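Chains as they are written, first to last, in the numbering used here: chain A, 5 to 338; chain B, 5 to 338.
One structure is given here, and the rest of the page talks about it.
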DNA sequence: TGAAGAAACGTAAACGTTTGCAGGCCCTTT
DNA sequence: AAAGGGCCTGCAAACGTTTACGTTTCTTCA
């Protein structure tokens with residue numbers, strides 16, 4: 005278990021350990037043949053280097069903290085995937101922290117990351133309140149918010165144009181002849197407010213009557229969508245399409261509709277938001293608005309690394325564009 | 005950005021920094037009132053502690069490396085989720101490393117973790133070959149393998165009884181009257197060999213004729229399953245049920261069947277393996293064999309922490325039991 | 001009252017690196 | 001041949017903790 009250190013290698017090579025360090029760090033302050041000899045020796049001796057000691061003196065860990073609410077969630081795991089890839093290609097590793105189940109945990113996790121000396125934090129906030137909670141840490145460490153739109157807060161974040169997304173979907177439904185479209189879902193967080201705004205804009209533009217079915221669940225899941233939809237469908241269905249604020253909700257609606265024999269898309273059209281992998285599954289085949297997950301993750305990492313490496317001070321709000329993904333749950337109204 | 009150190013606090017408190025350290029570490033070598041005073045002061049000054057320095061002297065990082073092939077994969081992200089929860093409850097953090105795309109990367113990642121001084125490694129190996137590759141590192145750091153069955157290798161792992169899983173499924177199909185069951189999928193890795201073995205055992209027991217449709221794709225995905233199934237269905241369908249070696253494959257089969265108008269479960273029964281979240285989705289509703297993901301992750305973490313904290317030397321092969329999850333894709337044969 | 005022992009706190013070494021500074025050698029130049 | 005200048009390499013400090021050991025003060029009991 006005893007690992008080999010710089011000193012061991014130095015002794016074996018008959019040089020000082022500073023020389024070994026230089027040989028490995030790619031410094032130009034060293035002779036070519038000496039370097040080669042040392043590098044070879046390190047290999048043979050199985051020297052791996054000690055990142056902790058290194059971090060100690062360089063005050064840099066090449067580690068970035070990724071804080072997400074529930075990695076098991078499809079959307080989060082995709083973000084994590086792309087963030088990890090992109091960070092690794094730049095020489096950084098990811099420390100994964102789940103911020104479940106509540107805001108207190110989220111704050112705890114951020115505090116912990118501070119002590120761990122990660123170089124920066126990438127965080128998918130649980131709610132707008134996160135921002136308040138984290139206010140005091142913001143100047144202690146580079147931080148980039150991901151996915152949630154923080155509106156005009158003076159902090160960097162990358163998000164998607166949520167209202168435009170809903171608008172795109174509405175446009176699509178309108179072009180299919182739908183004139184009575186129900187908006188289904190949460191309206192609490194900024195993200196969801198914006199999505200609802202896009203809906204309202206579209207209604208105004210196309211001269212439609214806005215109709216809402218509000219969820220007050222703090223998290224949108226299939227189950228929550230299902231229960232709300234059961235309730236919804238117990239009343240007369242006098243609309244031809246439903247815009248679900250998330251794919252999860254859409255799946256819940258689909259389940260409820262299937263159960264009561266309401267056919268999608270024959271009887272009613274359905275469109276979601278997010279484009280989680282499940283939406284592309286056979287039989288599900290959900291028409292939806294795509295969040296550019298890879299782009300978001302990559303951009304957020306770029307932003308964070310820019311702050312870390314160049315000490316960039318100001319902040320950027322990067323809003324990516326969503327896209328309509330046409331699948332099988334929307335149909336021309338008869 | 006300058007963070008406050010032990011020394012700063014010590015100066016402010018008028019004590020030596022050893023005293024501050026003791027006040028925080030819960031040592032009993034310190035007076036009650038002094039401790040309280042110092043703890044309060046740390047709070048006020050915003051002292052977070054420096055985990056790197058701490059790790060340096062304690063030779064312990066309270067960090068465990070989690071190596072998975074592609075976290076975006078549903079199964080992996082669930083494992084990661086439970087592993088993170090369970091590790092955190094024991095005071096450890098997770099360093100997430102994707103071992104994509106090949107074995108070389110996997111080895112690179114493990115090497116990197118060694119240098120990072122994680123206390124242990126939890127790894128979901130890409131293939132049995134991983135074990136060979138990693139042989140030389142095994143005695144340098146506690147390591148536990150997860151999910152893949154390494155048979156009788158002298159290393160700790162937690163896996164699921166794969167052959168029993170298939171057997172359970174076969175039993176179910178048999179009880180529904182199926183006498184002609186096709187096994188569909190990979191047979192390369194140990195895991196998949198064992199699943200196929202369970203199939204063969206059941207065939208022997210029930211007096212059935214084994215029939216295979218082999219995939220030589222190195223990874224089972226919906227797409228791969230779909231393409232293979234298209235090919236399969238171009239020939240006459242003279243079996244009443246398909247046992248897919250993974251849920252992903254089953255979903256591919258489902259897609260292909262839907263396309264050619266082969267009805268599931270009316271015309272043919274389908275059963276998968278893994279119980280990924282997608283299997284429970286409305287419309288999919290796949291009957292499958294469940295891997296106890298939470299149990300696996302939790303056990304693996306326990307095992308690893310036991311090695312780390314108690315220096316437990318030997319190795320354990322823990323094989324958990326799978327369970328049949330009855331949903332809607334299997335039906336009594338007419 | 002005095003000595004022994006415990007409790008509280010300070011001192012300093014150690015962990016394994018990186019890096020500024022200084023010194024030594026050799027080569028070039030005048 | 002002497003001086004100057006590069007190129008290598010070594011020395012030692014520094015990073016922020018923990019902890020063994022030593023010292024001082026306080027308690028306690030004979």
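The beta-carbon is built from N, C-alpha and C at its ideal position, and this holds for glycine as well.
For clarity, every value in this text was computed on a predicted model and none was experimentally measured.
Short CB-CB distance (under 8 Å) between residue i and chain B
i, result
"residue 262 of chain A", "yes"
"residue 246 of chain A", "no"
"residue 82 of chain A", "yes"
"residue 202 of chain A", "no"
Enclosing alpha helix (DSSP H) for residue i [first to last residue]
i, result
"residue 13 of chain A", "10 to 17"
"residue 300 of chain B", "297 to 314"
"residue 280 of chain B", "No alpha helix (DSSP H) holds residue 280 of chain B; DSSP gives it neither H nor E."
"residue 176 of chain A", "166 to 179"
"residue 102 of chain B", "Element bounds for residue 102 of chain B: not the alpha helix (DSSP H) but the beta strand (DSSP E), 97 to 102."
"residue 226 of chain B", "226 to 237"
"residue 27 of chain A", "21 to 29"
"residue 254 of chain A", "251 to 264"
"residue 150 of chain A", "Careful: residue 150 of chain A lies outside any alpha helix (DSSP H), inside the beta strand (DSSP E) at 147 to 151."
"residue 195 of chain A", "194 to 210"
"residue 116 of chain B", "107 to 119"
Residues that residue i contacts on chain A, provided the C-beta gap is smaller than 9 Å
i, result
"residue 259 of chain B", "285, 286, 287"
Among the options, nearest to residue i - alpha-carbon criterion
i, options, result
"residue 359 of chain B", "A:264, A:223, A:286", "As shown, chain B starts at 5 and ends at 338. That puts residue 359 of chain B outside it, with no answer to give."
"residue 298 of chain B", "B:280, B:333, B:32", "B:280"
"residue 111 of chain A", "A:97, A:122, A:135", "A:135"
"residue 246 of chain B", "B:197, B:337, B:317", "B:337"
"residue 215 of chain A", "A:89, A:117, A:205, A:224", "A:205"
"residue 117 of chain B", "B:106, B:142, B:311", "B:142"
"residue 160 of chain A", "A:91, A:303, A:325", "A:303"
"residue 13 of chain B", "B:34, B:7, B:45, B:31", "B:45"
"residue 7 of chain A", "B:270, B:120, B:137", "B:120"
"residue 172 of chain B", "B:240, B:314, B:292", "B:292"
"residue 54 of chain A", "A:76, A:28, A:42", "A:28"
"residue 71 of chain B", "A:93, A:88, A:80", "A:88"
"residue 90 of chain B", "B:57, B:126, B:106", "B:126"
"residue 128 of chain B", "B:69, B:144, B:24", "B:69"
"residue 179 of chain B", "B:191, B:198, B:154, B:209", "B:209"
"residue 140 of chain B", "A:50, A:59, A:198", "A:50"
"residue 108 of chain B", "B:133, B:295, B:124", "B:133"
"residue 162 of chain A", "A:296, A:74, A:266", "A:296"
Interface residues of chain B facing residue i [CB-CB closer than 8 Å]
i, result
"residue 267 of chain A", "Result: empty, since nearest Cβ-Cβ is about 12 Å, beyond 8 Å."
"residue 255 of chain A", "285, 286"
Cutoff 8 Å: residue i Cβ touching any chain A Cβ
i, result
"residue 76 of chain B", "yes"
"residue 118 of chain B", "yes"
Beta-carbon neighbours of residue i, restricted to chain B and to distances below 7 Å
i, result
"residue 121 of chain A", "54, 55, 56"
Partners in chain A for residue i, counting only beta-carbon separations shorter than 7 Å
i, result
"residue 115 of chain B", "52"
Span of the beta strand (DSSP E) around residue i
i, result
"residue 321 of chain B", "321 to 324"
"residue 217 of chain A", "215 to 218"
"residue 245 of chain A", "245 to 248"
"residue 187 of chain B", "185 to 190"
"residue 82 of chain A", "Taken as a continuous stretch (DSSP letters only), residue 82 of chain A belongs to no beta strand (DSSP E), being part of the alpha helix (DSSP H) at 78 to 92."
"residue 74 of chain A", "No beta strand (DSSP E) contains residue 74 of chain A, which DSSP labels as neither H nor E."
Any non-hydrogen atom of the ligand MN closer than 7 Å to residue i Cβ
i, result
"residue 292 of chain A", "The ligand MN is not among the ligands present in this structure, which contains no ligands whatsoever."
Could you list the residues in the region 278 to 294 of chain B with a C-beta less than 7 Å from some C-beta on chain A, going in chain order? 282, 285, 286, 287, 288
Along the region 40 to 67 of chain B, what residues have a CB closer than 7 Å to any CB found in chain A? 52, 53, 54, 55, 56, 57, 59, 60, 65
Please list the residues of the region 86 to 106 of chain B that have a C-beta atom closer than 9 Å to any C-beta atom in chain A, keeping them in chain order. 86, 88, 89, 92, 97, 98, 99, 100, 101, 102, 104
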